[in-house]
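Heads up, the sequence shown is in the working numbering, so the first residue is 6 and it goes up one at a time.
Written out below as structure tokens is the structure these notes cover.
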Amino acid sequence: MALALFGIGMTAGNLYGGRIADRHLSLGLVGGFGTALVLLVLLALYGAQPWVLFVTLVGIGAAMMTAIPTIQVRLTDLAPESPTLMGAMNLASLNVANAIGAWAGGAVIGAGFGTLSSAWAGFFLTLAGLLLFFSTTRVTRVAEQSLTPLPGSIG
6 MALALFGIGM TAGNLYGGRI ADRHLSLGLV GGFGTALVLL VLLALYGAQP
56 WVLFVTLVGI GAAMMTAIPT IQVRLTDLAP ESPTLMGAMN LASLNVANAI
106 GAWAGGAVIG AGFGTLSSAW AGFFLTLAGL LLFFSTTRVT RVAEQSLTPL
156 PGSIG
């Protein structure tokens, strides 16, 4: 039942994320990951309660999948001449992230912290991804500004 609810959340998040990605370039990623961070904390702290577990699983599935279309659009924008390659790179990266998440969740459970500790592993990995996004977008903006000619200059 929990996996079915998670899957329903993922489906809803993907549909919603596609609409957001068409309108706001970063909102899906920032909003999706930000919401997931809040829900992961709730899951870690209160997930022993079945209703909290099920609600947060739907929400986490939806929030994480809201970010995926935004990532795809951003990657395609970076290389419009090779969208198929960027799509493949996106899927490969998501699979690597899934493997890292499974490993981190298994590591904290294996260390004896309990099954809900995997939510903390997910929290820190999601936070790292969001911080990486913020740092790379800042670097990109700075680089674009340094390449933009000043008004009235030749260039």
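For every residue, glycine included, the Cβ atom is placed at its ideal position computed from N, Cα and C.
Q: Go ahead and pull the three-state DSSP assignment for Q54.
A: It is coil, neither helix nor strand.
Q | T16 - containing alpha helix (DSSP H), residue span | A | A7 to R28
Q: Measure the beta-carbon distance from V60 to F128 and round it to whole angstroms, keeping in mind my assumption that it falls under 8 Å.
A: Contact doesn't hold; Cβ gap of about 17 Å is too wide.
Q: Taking only the alpha-carbon atoms, compute the straight-line gap between S158 and D82 and give it to the nearest angstrom.
A: Annotation note: pLDDT 48 at S158 (below 50); position unreliable, coordinate value reported separately. Between S158 and D82, the C-alpha separation is close to 28 Å.
Q) Going by other Cβ atoms of all chains shown within 10 Å of its Cβ, with 16 needed for buried, is V113 buried or exposed? A) V113 should be labelled buried.
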